[in-house]
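Trainee: Have a look at the structure that comes next, please.
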Amino acid sequence: MISKVDERCRWKNVSTEEGRKNYRRLRNGLKRATDNAKKEYVGNICHEIMEFQRTEQILKENGIDWRERRLISNLYMAESVTVRLNRGETRRVKIGRGVT
1067 MISKVDERCR
1077 WKNVSTEEGR
1087 KNYRRLRNGL
1097 KRATDNAKKE
1107 YVGNICHEIM
1117 EFQRTEQILK
1127 ENGIDWRERR
1137 LISNLYMAES
1147 VTVRLNRGET
1157 RRVKIGRGVT
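Residue numbers (the numbering used here): 1067 to 1166.
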């Protein structure tokens, strides 16, 4: 993406028709890419929040006191884990908000 930004900067002040077309093409491509990245990021954050809320609800339904739920949440905050499965290990992921 950085290379596209650099290329866009080279075409920004070119006054020919070809330069304007290249600049618009690159600008639109970068806008599309950043919009998609934002949507993906927001989707991931929403998924994490929903998982956290679901976990909190399960703990609450099982009669776990709020102090203990908070302790569990704080214990695992900002930890990173790798899950081992039958087919291998997952990539290393960060636990952003409590146990998920």
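In this text, a Cβ means the ideal position worked out from N, Cα and C, and glycines have one as well.
Mapping DSSP to helix, strand and coil, what is residue 1095?
Mentor: If you number the sequence shown from 1, residue 1095 lands on position 29. Residue state, collapsed to three classes: helix.
Trainee: Residue 1073 to residue 1126, Cα distance in whole Å?
Mentor: Here residue 1073 corresponds to residue number 7 of the sequence shown, with the count starting at 1. Here residue 1126 corresponds to residue number 60 of the sequence shown, with the count starting at 1. Their Cα atoms are separated by approximately 54 angstroms.
Trainee: Could you give the DSSP three-state label for residue 1081: helix, strand or coil?
Mentor: Position 15 of the sequence shown, counted from the first residue, corresponds to residue 1081. Residue 1081: coil per DSSP, three-state reduction.
Trainee: Kindly give me the distance between the Cβ atoms of residue 1071 and residue 1096, rounded to whole angstroms, as I take these residues to be in contact under 8 angstroms.
Mentor: Here residue 1071 is taken as the residue at index 5 of the sequence shown, counted from 1. Here residue 1096 is taken as the residue at index 30 of the sequence shown, counted from 1. Confirmed, about 7 angstroms.
Trainee: Might you give, ordered along the chain, the residues of its own chain that have their beta carbon closer than 6 angstroms to the beta carbon of residue 1077, omitting 5 neighbours on each side?
Mentor: As a working mapping, residue 1077 is identified with position 11 in the sequence shown. Closer than 6 angstroms at the Cβ level, and outside the excluded window around residue 1077, lie 1085, 1088, 1089.
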